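Peer 1: My questions will all concern the structure given below.
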Amino acid sequence: MVSATLVESLRLWLPEVILGLGAMGVVLCGALTHRRAAAAMLTAVVLFASAVLLVNAQATPPAEGFFGMIRLDPLAHVFRWLAWGVVALVVLMAWCASDVSPKWFGEYLGLLMVVGVGLMLMAEAQHLLMAYLAIELVSLTSYLLVALTRDARSSEAGLKYLLFGALSSGIMLFGMSLLFGVTGELAFPAIREALERLPSSQMRLCATAVGLVSVGLAFKISMVPFHLWTPDVYEGAPVPVTAMLSVGPKAAGFALWIRVIQMVEPVWGAIAPAVWWLTVVTMTVGNLAALSQTNVKRLLAYSTIGQVGYLLIGLSVRTAAGIEAILVYLAAYLFMNLGAFACVVAVVTDSGSESVDAFRGLARRAPVLALCCAVFLLSLAGLPPLFGFIGKFLLFGAAIQSQAVWLAVAGVVNSAIALYYYVNIIRQMYLLSPQQARPLRPAAAVQVALGVCGVATVVFGVFPSGVFAWIQGVI
Amino acid sequence: MLAWIPGLPLAAFAVLILVGRRLGRASAWVSVAALASSAFLTLQLTPHVLDGQRLAVSWRWLSATDPAWFLGLAVDRLSWVMLVLVTVIGTLITIYSIGYMQDDARFSRFFAYLSLFCAAMLGLVMANHFVLLYACWELVGLCSYLLISFWFEKPEAARAGRKAFLTTRVGDTGLLIGILALWVTAGQLHLGRLEEIRTFFVLRDQTWWLTIISTLIFLGAVGKSAQIPLHVWLPDAMEGPTPVSALIHAATMVAAGVYLVARTLPLFTPESLRLVLWIGLATHLFAGTVALTMTDIKRVLAYSTISQLGLMMTALGLGAASSAMFHLSTHAFFKALLFMAAGSVIHATHRQDLRELGGLGRHLPWTRALFLIAALSMGGFPLLSGFWSKDAILLSAREHAPWLMWTLLGGAAVTAGYIFRLYLRCFHGSPVASGCGTPHDSPAVMILPMAALGLGAAFAGFAGPGVFHVHGGLDVPMLISSSVALSIGVTLAFAVGLKRRVLVPAVLRPLGTKLYRLAANKYYVDEAYQRWIIGPFLDATAWLSRFDRRIIDGAVDAAGLGGWRIGQWKERFDRVVIDGIVNGIALVTRSIGHVVRRAQTGVIHHYLFWVVAASVMLMLWIRAVSA
Chain A
55 MVSATLVESL RLWLPEVILG LGAMGVVLCG ALTHRRAAAA MLTAVVLFAS
105 AVLLVNAQAT PPAEGFFGMI RLDPLAHVFR WLAWGVVALV VLMAWCASDV
155 SPKWFGEYLG LLMVVGVGLM LMAEAQHLLM AYLAIELVSL TSYLLVALTR
205 DARSSEAGLK YLLFGALSSG IMLFGMSLLF GVTGELAFPA IREALERLPS
255 SQMRLCATAV GLVSVGLAFK ISMVPFHLWT PDVYEGAPVP VTAMLSVGPK
305 AAGFALWIRV IQMVEPVWGA IAPAVWWLTV VTMTVGNLAA LSQTNVKRLL
355 AYSTIGQVGY LLIGLSVRTA AGIEAILVYL AAYLFMNLGA FACVVAVVTD
405 SGSESVDAFR GLARRAPVLA LCCAVFLLSL AGLPPLFGFI GKFLLFGAAI
455 QSQAVWLAVA GVVNSAIALY YYVNIIRQMY LLSPQQARPL RPAAAVQVAL
505 GVCGVATVVF GVFPSGVFAW IQGVI
Chain B
2 MLAWIPGLPL AAFAVLILVG RRLGRASAWV SVAALASSAF LTLQLTPHVL
52 DGQRLAVSWR WLSATDPAWF LGLAVDRLSW VMLVLVTVIG TLITIYSIGY
102 MQDDARFSRF FAYLSLFCAA MLGLVMANHF VLLYACWELV GLCSYLLISF
152 WFEKPEAARA GRKAFLTTRV GDTGLLIGIL ALWVTAGQLH LGRLEEIRTF
202 FVLRDQTWWL TIISTLIFLG AVGKSAQIPL HVWLPDAMEG PTPVSALIHA
252 ATMVAAGVYL VARTLPLFTP ESLRLVLWIG LATHLFAGTV ALTMTDIKRV
302 LAYSTISQLG LMMTALGLGA ASSAMFHLST HAFFKALLFM AAGSVIHATH
352 RQDLRELGGL GRHLPWTRAL FLIAALSMGG FPLLSGFWSK DAILLSAREH
402 APWLMWTLLG GAAVTAGYIF RLYLRCFHGS PVASGCGTPH DSPAVMILPM
452 AALGLGAAFA GFAGPGVFHV HGGLDVPMLI SSSVALSIGV TLAFAVGLKR
502 RVLVPAVLRP LGTKLYRLAA NKYYVDEAYQ RWIIGPFLDA TAWLSRFDRR
552 IIDGAVDAAG LGGWRIGQWK ERFDRVVIDG IVNGIALVTR SIGHVVRRAQ
602 TGVIHHYLFW VVAASVMLML WIRAVSA
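What follows is the structure in structure tokens.
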């Protein structure tokens, strides 16, 4: 009986299994051969295999696995694809990045894939222990990845991330233990039932517990005031890792939070006002702080905080339209933000400088790269007809639909502020003369990443109906 | 399959414009192959069309309108005739151009334009919708412009291209307004539904709308077919390469106006048809007399073309569309041939002024023979193609009014006169010394297409009854009278044009001289335009510019001064109030940024303190809310 359940669960969970085993294989391969190409090729094969399995998994009906630990439903499926996309695009960027020593290349790619498994687990978790385990899997591997460059800055970033993360997960674990203490359950559906039967005298305790759990999630998605680690860590980490951190844990964090909110529906009313306010604070702080940044990774770190603020609108309104908007915006964000980071990879690899000045005159040195970069930035700013506009439109639309007009207003005002620093980079690229005249040619793998992101950003912006159809099937 | 007919030349254009330079000499054959295939496809349609079928394809284009617009292509008997002319004559002229353009630096570009023209012309002819027709109509105009000023290094060529474009635009604007009026009133622009449109207006007793619309459409035709008063561009258009003159300005594009009127004949009311008749007749006579006096070979032919187009319009004015189309077809053959023969003369001697030419018959036997066939055909020599088509028009005129027939016979005499004057002065008489050695006939690549056209010019008339349903068989009185007109014309051309006899009695000589000068100066139309339209227009602009400088600028200056005063005051207001607000906002923003930055110390225990403090505060808040 037990073994039958395990076999059945493993069959459903095959993409993650392959990714996890592949990760170990890649680490071993890197350690044994010390050859970048071998590790990279193996990674490509593993990623391809898990993509094929993901396509196959699409057809299976919603199911629980591993004794109710995880739930594989359409919502989880969307996030599995997002996680897969993050890993694949970041691997492409890491393929020829020079900031990690070839000695560690196998571990680099392997750890990225482990993060992928963790991200998928976060979206699938249906049990407090599994949720905690998934978050820790993502966090621990992320600490390693951040410190992988092994220079002072990178190590400092890794350590800061570790300490900050440890505190946050401690707080979250405390919240979980309180929740368990009150309800006596660990599985989400059971907790939900228990909460509905809870006497009102325990509501306050329960709300506090949920608030403490939310702190851990807020840390993962860089929500203000738990965002402080973000700029320092982003600045210190290798650029592809920064790119991964800016999309992967954010998407998975939203997935888990959506599930947690569904679980704690009866007491969420107490926490909602705080989230509403912090939504506005998050986007405002992110965008205002981004205005004065000169390091492009720090700038994108604050930009990420701003974007998280927009995404939180969908969470605040808690309607089907809001969740749909989050999914669409996360898909858009995957392409446009990773595309922007791919541009940063190209520029940083070429010039060695992470300053915004390194983008000067890029239009003359690499016209296609500059054009792509402009598309990603404009999409991040939310200008039509790009994918980012569609997502923002849905988010603000969802806010207006559920009578939260002022959330939409805050979003629009923030978009206007954000336009300044996004367009500033475009100005640097197109209007100023370059520091060096020599043309810049990104590596082939980065070109592929740029191409994929660019085409997706434009095509889904112009023809969004395909994405809508896919996402609407989920909800 | 219909779409292939204009599609192939269009594809040829795309290929040539993109990789033409690399193809070099081969580019001409791309063009020829595309057109020849179109010709082949057109000829395949013959049995269906002669059965009276209407072949059509269409695509939904605009569904927001009511009714939805289905743009498409259609072929019936009328457009089939045009298709045959454009593809067959187009193919022959393209082959001829290979020889004529041989040494040109922009060889492939020429064939690209030529292919584009053919594609647009075929599209125009096959269009089943006014909008598509208008698009192609403008496109052929553009090609005409590009090809007239093909040698744009010559200022005359550049000027002529511009003149052609601007003059025809006057007509095109009329056509566009007509189309818009049709859409607004009848709401129907499908060319296959003209009868419905007519009944629509007749039922509502609004035939005056039809008169207005058809007059506007006719205005487009007047521009394209170089009718009075918009004929001035065609003689100047002769600056273009001769194959262009043959194809565009003789055989096809200028005939588009006639085609348009024939196609939209159901929209014409008796009133507008009378206008067509008078304009056509006036053009026929006017241009014929001018052609008698011109000394440039191509200009003679240009005025001849205008005159013949006038004859076709006259026929349309009589309602005899089939006669007009019949004459259009035969004219396409013999006039294209005349142009090509003239081109052959120019190619051989590098001269095109009659005063410097003569006695070429010995050196250019082929050219001469073919020219003679075309001239006889145009003059109406019995059994040649021009004879049949002209007689068809004369017969329609006789049914309408005898005086019209006599006038047209007079026109026929004039036609014979100028064309034989041209022929005799070129190929007979004393050779005028020319500095470039003995001229010799053109290469086979030019002569062969001309010979093929010669066959058409001679025998195309026999297709009359079969294709055009015009009156078959010989009408003896008409045969005699038109032959007499031809003989008079030829005799006068021989006596006056070649032998320089003065036949006018001494009394009338001053009047004769005056009339001659009038015709030789093209009735001063260009000068009149310069004086009464362009001149006053320029004067008006000069006056307006003065007005601008004095009055408007003065007012603007005064307003500026006032504005400056207000500005000064406003500046003070701005500095104190508005800047204060803006700077205040910036200050607030910046200080928030500073606070945020201050928080971002980079010191980890500060961060951890923040996390704990924030968590505690949040929990307190949550407790407060849930209470």
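Chains as they are written, first to last, in our numbering: chain A, 55 to 529; chain B, 2 to 628.
We put the CB at the ideal spot given by N, CA and C, even for glycine.
As the structure is a prediction and not an experimental result, all values here were calculated from the model.
#1: Listing by chain order, which chain A residues have their CB less than 9 Å from the CB of B/Ile-593?
#2: Counting along the chain, where does the alpha helix (DSSP H) carrying A/Phe-242 start and finish?
#3: A/Thr-262 touches chain B at which residues, Cβ-Cβ below 9 Å?
#4: Find out if the Cβ-Cβ distance for the pair B/Cys-137, B/Leu-125 is shorter than 7 Å.
#5: Check A/Gly-119 in the structure and name its three-state DSSP category.
#6: Our contact map puts B/Val-612 next to A/Leu-221 with C-beta atoms below 8 Å; I'd like the distance itself, whole angstroms only.
#7: Note the first and the last residue of the continuous beta strand (DSSP E) segment covering B/Leu-73.
#8: If you measure from the beta carbon of B/Leu-609 to each beta carbon in chain A, is any gap under 7 Å?
#9: Please identify the residue among B/Ala-263, B/Gly-455, B/Gln-601 whose C-alpha is closest to the C-alpha of B/Ser-386.
#10: Over the uninterrupted beta strand (DSSP E) stretch that includes A/Arg-495, give me the two end residues.
#11: Since A/Val-314 and A/Met-257 are thought to touch, with beta carbons under 8 Å apart, how far apart are those beta carbons, to the nearest angstrom?
#12: Mapping the DSSP letters down to three states, classify B/Ser-59 as helix, strand or coil.
#13: Taking B/Val-617 as the query, report the chain A residues whose CB atoms sit under 8 Å from its CB, ordered along the chain.
#14: For B/Asn-522, count the other beta carbons within 10 Å of its own beta carbon; 16 or more makes it buried, fewer makes it exposed. Which is it?
#15: Is A/Pro-279 close to chain B, meaning its C-beta is less than 7 Å from at least one C-beta of that chain?
#16: Per DSSP, which one or two residues make a beta bridge with A/Asn-349?
#17: Return the bridge partner residues of A/Leu-126 from the DSSP annotation.
#18: Where does B/Asp-173 fall in DSSP's three states?
#19: If you follow the alpha helix (DSSP H) that A/Lys-274 is part of, which residue opens it and which one closes it?
#20: Given B/Ala-121, which residues of its chain have a CB within under 7 Å of its CB, disregarding the five upstream and five downstream residues?
#21: Once you ignore the five residues that flank A/Glu-408 on each side, which residues in its own chain have a CB closer than 7 Å to its CB?
#22: From A/Arg-207 to A/Thr-296, what distance separates their C-alpha atoms?
#23: Does any residue of chain B have a CB that is nearer than 7 Å to the CB of A/Ala-244?
#24: Using a C-beta to C-beta distance shorter than 8 Å, which residues of chain D count as neighbours of B/Ile-605?
#25: Taking Cβ positions only, does B/Val-578 come closer than 7 Å to chain A?
#26: Compute the Euclidean distance between the alpha carbons of B/Ala-330 and B/Lys-391, then round it to the nearest angstrom.
#27: Three or more C-beta pairs under 8 Å: does that hold for the region 215-230 of chain A against the region 263-279 of chain A?
#28: So the candidates are A/Val-140, A/Val-463, A/Met-176; which of them puts its Cα closest to the Cα of A/Met-123?
#29: Please list the partners that B/Val-583 has in chain A, where partner means a Cβ-to-Cβ separation under 8 Å.
#30: Here's the rule I'm using: 16 or more other beta-carbon atoms within 10 Å means buried, otherwise exposed. How should B/Val-477 be labelled?
#31: Taking 7 Å as the limit between beta carbons, can you name the residues of its chain near B/Gly-100, skipping five residues before and five after?
#32: Taking three-plus beta-carbon pairs below 8 Å as touching, is the region 313-322 of chain B in contact with the region 370-387 of chain B?
#33: On the criterion of 16 or more Cβ atoms from any shown chain inside 10 Å, does B/His-285 qualify as buried, or is it exposed?
#34: In angstroms with no decimal places, state the Cα-to-Cα distance between B/Tyr-135 and B/Leu-177.
#35: Is it right to say B/Trp-70 is buried, meaning 16 or more other beta carbons lie within 10 angstroms of its own, or is it exposed?
#36: In this structure, does DSSP put B/His-607 in helix, strand or coil?
Peer 2: So, from the listed chains and residues:
#1: Residues of chain A passing the Cβ test: Thr-338, Val-339, Leu-342, Ala-343.
#2: Counting along the chain, the unbroken alpha helix (DSSP H) around A/Phe-242 starts and ends at 242-250.
#3: Per Cβ cutoff of 9 Å: Met-620, Ile-623, Arg-624, Ser-627.
#4: Yes, the pair counts as a contact, with Cβ atoms nearer than the cut-off.
#5: Three-state result, A/Gly-119: strand.
#6: The C-beta distance from B/Val-612 to A/Leu-221 rounds to 6 Å, short enough to meet the 8 Å contact threshold.
#7: In the sequence as presented, Leu is not what sits at residue 73 of chain B; that position holds Gly. Taken as a continuous stretch (DSSP letters only), the beta strand (DSSP E) holding B/Gly-73 covers 70-76.
#8: Interface criterion met: the Cβ of B/Leu-609 is under 7 Å from a Cβ in chain A.
#9: Of all alpha-carbon atoms in B/Ala-263, B/Gly-455, B/Gln-601, the one lying nearest the alpha-carbon of B/Ser-386 is that of B/Gly-455.
#10: For A/Arg-495, there is no enclosing beta strand (DSSP E), as DSSP gives it neither H nor E.
#11: Actually they do not touch by this definition, with Cβ atoms about 17 Å apart.
#12: Strand, per DSSP.
#13: Near B/Val-617 there are no residues of chain A at all, since even the closest Cβ is about 10 Å away, more than 8 Å.
#14: Around the beta carbon of B/Asn-522, fewer than 16 other beta carbons sit within 10 angstroms, so the residue counts as exposed.
#15: For A/Pro-279, at least one C-beta of chain B is nearer than 7 Å to its own C-beta.
#16: Among the bridge pairs identified by DSSP, A/Asn-349 is matched with A/Ser-409.
#17: Residue pairing by DSSP places A/Leu-126 opposite A/Ala-117 in a beta bridge.
#18: If DSSP states are grouped into helix, strand and coil, B/Asp-173 belongs with the helices.
#19: 257-274 is the span of the alpha helix (DSSP H), which, as asked, contains A/Lys-274.
#20: Here the set comprises Cys-137, Leu-140, Val-141, Cys-144.
#21: The beta carbon of A/Glu-408 is closer than 7 Å to those of Asn-349, Val-350, Lys-351, Val-402 in its chain, skipping five residues each way along the sequence.
#22: When only Cα atoms are considered, A/Arg-207 and A/Thr-296 end up about 14 Å apart.
#23: No, its Cβ sits nowhere closer than 7 Å to a Cβ of chain B.
#24: Of the protein chains in the structure, A and B, none is chain D.
#25: No, its Cβ sits nowhere closer than 7 Å to a Cβ of chain A.
#26: Reading the sequence as shown, one finds Ser at residue 330 of chain B and not Ala. Cα to Cα, the separation comes out at about 11 Å.
#27: Segment contact: the region 215-230 of chain A against the region 263-279 of chain A, three or more CB-CB distances shorter than 8 Å; contact assigned.
#28: Scanning A/Val-140, A/Val-463, A/Met-176 for the CA closest to the CA of A/Met-123 turns up A/Met-176.
#29: Chain A residues near B/Val-583: none, gap ~14 Å exceeds 8 Å.
#30: Here B/Val-477 is exposed. Its C-beta has fewer than 16 other C-beta atoms within 10 Å.
#31: Apart from sequence neighbours up to five positions away, the residues of its chain that approach B/Gly-100 with a beta-carbon distance below 7 Å are Ser-443, Pro-444, Val-446, Met-447, ordered along the chain.
#32: Result no; under three Cβ-Cβ pairs closer than 8 Å.
#33: Burial call: buried.
#34: About 7 Å.
#35: Buried.
#36: Reduced to three states, the DSSP call for B/His-607 is helix.
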